[in-house]
Amino acid sequence: MPTTMFIFLTIFLTVLLYLISRKIFLRTKNPIFNPVLLSTTIIIIIFHYTGITFEQYKPGKDIMTFLLGPATVALALPLYLNRTVLLQALFPIIFGICFGALATLTTAILLAKLSGLDALIVTSIAPKSITAPIAIEISRLTGGDPAIAVAFVVFTGTFGSIIGPSLLSFCKITTPIARGLAMGVTSHGQGTATILQEGALQGAMAGIAMAVAAIFISFIAPLYIPWLVNL
Amino acid sequence: MHNLLKTVGQIFLLWLIYFISTWIVEFFHLPIPGSVLGMLLLFLLLSGGIIKEEWLALGANPLLKHLSFFFIPIAVGLMEWGKLFTEKGHLLFLPLVISALVALIATGIVVQSLIKSRKQEGGSN
Numbered sequence: 001m002p003t004t005m006f007i008f009l010t011i012f013l014t015v016l017l018y019l020i021s022r023k024i025f026l027r028t029k030n031p032i033f034n035p036v037l038l039s040t041t042i043i044i045i046i047f048h049y050t051g052i053t054f055e056q057y058k059p060g061k062d063i064m065t066f067l068l069g070p071a072t073v074a075l076a077l078p079l080y081l082n083r084t085v086l087l088q089a090l091f092p093i094i095f096g097i098c099f100g101a102l103a104t105l106t107t108a109i110l111l112a113k114l115s116g117l118d119a120l121i122v123t124s125i126a127p128k129s130i131t132a133p134i135a136i137e138i139s140r141l142t143g144g145d146p147a148i149a150v151a152f153v154v155f156t157g158t159f160g161s162i163i164g165p166s167l168l169s170f171c172k173i174t175t176p177i178a179r180g181l182a183m184g185v186t187s188h189g190q191g192t193a194t195i196l197q198e199g200a201l202q203g204a205m206a207g208i209a210m211a212v213a214a215i216f217i218s219f220i221a222p223l224y225i226p227w228l229v230n231l
Numbered sequence: 001m002h003n004l005l006k007t008v009g010q011i012f013l014l015w016l017i018y019f020i021s022t023w024i025v026e027f028f029h030l031p032i033p034g035s036v037l038g039m040l041l042l043f044l045l046l047s048g049g050i051i052k053e054e055w056l057a058l059g060a061n062p063l064l065k066h067l068s069f070f071f072i073p074i075a076v077g078l079m080e081w082g083k084l085f086t087e088k089g090h091l092l093f094l095p096l097v098i099s100a101l102v103a104l105i106a107t108g109i110v111v112q113s114l115i116k117s118r119k120q121e122g123g124s125n
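Quick look at the structure:
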């Protein structure tokens, strides 16, 4: 069992790295410098060279993630504030989000299976386009691993944020609503931050897409993911 | 000081909704995350005017602003899977990249064509 001082130090290190990487990200606005990717990499490198194990980090981790549940509940607030935009084109928005979310989840599982990856990885890859707090829960409910799931979520968030806007333009997807939704469905919070730079409507749509996709996939995941993985 | 107390109180209210939702999910063996039920519950309470947005904004904003902080300690858990990633990392690339492209294009095209067809219908009326 790590000492109180040690727990305090691991928390201090995590918070410090988060604040520094957040500064770098806000200054560069480059998706590759996203705080989760940067901080996690540095922490793992430090732990690797100092011989600190994840077991020793766990008490600090539990304290730091205590507010993740309430923070996830708080996602209802931006959704509520954007409800009027949502009602403008309710059917195209909801249908588009569910279609896109289902298409990407299915493609990811089937391709991961074809690549010969283990069931644990295939299951953890499923929620990779869902916002991290809910992807973690989905991976727990379906027999995946939360840490692996977060890695895929961050990869997808970063990749989609880098390539998304230009790929959408290349495919002649120019409607602001469609661009916002596509970014939210693919790259959750990171995609929302990226497309917000194009305009407030796109940003609001991405936020809606992120929330609705998370709710929709949560409802179908416990049956659909194991079924597809074991197909 | 007054604002700090308010913020803490509002975060407590969010935590209470989370706590109740997690309890409901466990009690009824619902196959959905407690946090998702909590989010839906809060959305309904806001829409029904039972909870006012002002009662939560102060507590919710810092949590939402720093949401990504919470993923760092969880992602550090990856260090336990180092071997898996060095051995199989290259196999992950294709499924992740292609499924992301599918998400962007599928959502974008479906929404854009639905909106355009609706506008055309509206124009002919």
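Here the protein sequences line up with chains U and P, keeping their order. Reading the first sequence from the start, the letters are residues 1 to 231 in UniProt numbering. Reading the second sequence from the start, the letters are residues 1 to 125 in UniProt numbering. Beta carbons are placed, not taken as given, at the ideal position from N, Cα and C, and that holds for glycine. Since we're looking at a predicted model, the values are computed, not measured.
### Task
Please confirm if Ile-24/P has its CB atom under 8 Å from at least one CB of chain U.
Not closer than 8 Å to any Cβ of chain U, the Cβ of Ile-24/P fails to qualify, so no.
### Query
Going by C-alpha distance, which of Val-122/U, Gly-69/U, Ala-221/U, Thr-53/U is nearest residue 204/P?
Here chain P covers residues 1 to 125 and nothing more, so residue 204/P does not appear.
### Task
Output yes if chain U places a C-beta closer than 8 Å to the C-beta of Thr-7/P; else output no.
Thr-7/P does not count as touching chain U.
### Task
Could you list which residues in chain P have their beta carbon closer than 9 Å to that of Pro-2/U, in chain order?
What Pro-2/U touches in chain P: nothing, since even the nearest Cβ is about 14 Å away.
### Supposed close pair Asn-34/U, Gln-190/U - CB separation, criterion 8 Å
The pair is a contact, with the Cβ atoms about 6 Å apart (cut-off 8 Å).
### Message
Using a Cβ distance threshold of 8 Å, determine whether the stretch 146-158 of chain U contacts the stretch 26-46 of chain U, with at least three qualifying pairs required.
### Response
yes
#### Entry: Gly-108/P - DSSP class collapsed to helix/strand/coil
Of the three classes helix, strand and coil, the one that applies to Gly-108/P here is helix, per DSSP.
### Task
Take Ile-138/U and list the residues in its own chain whose beta-carbon comes closer than 8 Å to its own, dropping the five residues that flank it on each side.
Ala-126, Pro-127, Ile-130, Gly-144, Ala-149, Ile-217, Ser-218, Ala-221, Ile-225
### Query
For the putative contact between Ile-215/U and Ala-206/U, defined by C-beta atoms under 8 Å, what is the C-beta separation to the nearest angstrom?
In fact, because the Cβ distance is near 15 Å, the residues do not count as touching under 8 Å.
### Task
Taking Ile-50/P as the query, report the chain U residues whose CB atoms sit under 7 Å from its CB, ordered along the chain.
Residues of chain U with a Cβ closer than 7 Å to the Cβ of Ile-50/P do not exist; the shortest Cβ-Cβ separation is about 12 Å.
### Task
Using 10 angstroms around the beta-carbon of Gly-48/P, count the other beta-carbons present and answer buried if the total reaches 16, otherwise exposed.
exposed
### Query
In whole angstroms, what is the alpha-carbon distance linking Phe-54/U and Val-85/U?
44 Å
### Classification of Leu-223/U by the beta-carbon crowding that lies within 10 angstroms, buried from 16 upward
exposed
### Query
Looking at the unbroken alpha helix (DSSP H) that takes in Phe-155/U, where does it start and where does it end?
146-170
### Task
Drop a sphere of 10 angstroms on the beta-carbon of Met-1/U, count the other beta-carbons inside from all chains shown, and report buried for 16 or more, exposed for fewer.
That one is exposed.
### Query
What's the C-alpha gap between Ile-11/P and Gly-199/U?
Looking at the backbone, the Cα of Ile-11/P and that of Gly-199/U are separated by about 30 Å.
### Nearest-angstrom beta carbon gap, Ile-74/P and Phe-178/U [assumed within contact, 8 Å]
The question names Phe, but residue 178/U in the sequence shown is Ala. Actually they do not touch by this definition, with Cβ atoms about 32 Å apart.
### Task
Taking Lys-71/P and Ala-132/U to be in contact with their CB atoms under 8 Å, please state how far apart those CB atoms are, rounded to whole angstroms.
In the sequence as presented, Lys is not what sits at residue 71/P; that position holds Phe. Contact holds; Cβ gap of about 5 Å.
### Task
Just the C-alpha distance for His-90/P and Ser-161/U, rounded to the nearest angstrom, thanks.
21 Å
### Query
By DSSP, does Glu-137/U sit in helix, in strand, or in coil?
helix
### Helix, strand or coil at His-29/P [DSSP, three-state]
For His-29/P, the secondary structure class from DSSP, reduced to helix, strand or coil, is coil.
### Query
If you run the structure through DSSP and keep just helix, strand and coil, what is His-188/U?
Note: His-188/U maps to helix in three-state DSSP.
### Query
Can you name the residues of chain P whose CB is closer than 8 Å to the CB of Val-36/U?
Here the neighbours are Ser-68, Phe-71, Ile-72, Ala-75.
### Query
What residues in the stretch 92-106 of chain U bring their beta carbon closer than 8 Å to a beta carbon of chain P?
Answer set for the stretch 92-106 of chain U: Pro-92, Ile-93, Phe-95, Gly-96, Ile-97, Phe-99, Gly-100, Ala-101, Ala-103, Thr-104, Leu-105.
### Query
What number of angstroms, rounded off, separates the C-alpha of residue 252/U from the C-alpha of Leu-228/U?
Past the edges of chain U, shown from 1 to 231, lies residue 252/U, and the structure says nothing about it.
### Query
Hey, quick one: how far does the alpha helix (DSSP H) through Asn-230/U stretch, first residue to last?
Element bounds for Asn-230/U: n/a, residue is neither H nor E.
#### Entry: heavy atom of the ligand ZN below 7 Å from Val-154/U C-beta
With respect to the ligand ZN, the structure offers nothing, as it holds no ligand at all.
### Query
Given that a residue counts as buried once 16 or more other Cβ atoms are within 10 Å of its Cβ, and exposed if not, what is Leu-16/P?
exposed
#### Entry: Which of helix, strand or coil DSSP assigns to Asn-3/P
helix
### Query
Assuming Leu-167/U contacts Thr-107/P under a Cβ cut-off of 8 Å, what Cβ separation, rounded to an integer in Å, is found between them?
Wrong, their Cβ atoms sit about 12 Å apart, outside the cutoff.
### Task
Taking only beta carbons into account, state which residues of the stretch 101-121 of chain P come closer than 8 Å to chain U, listed in chain order.
Leu-101, Val-102, Ala-103, Leu-104, Ile-105, Ala-106, Thr-107, Gly-108, Ile-109, Val-110, Val-111, Gln-112, Leu-114, Ile-115, Lys-116, Arg-118
### Message
Quick test of the definition: if touching needs 3 or more C-beta pairs under 8 Å, does the stretch 1-8 of chain P touch the stretch 58-76 of chain U?
### Response
no
### Task
Can you tell me the Cβ-Cβ gap for Tyr-18/P and Val-122/U, rounded? I've got them flagged as a contact below 8 Å.
Contact doesn't hold; Cβ gap of about 30 Å is too wide.
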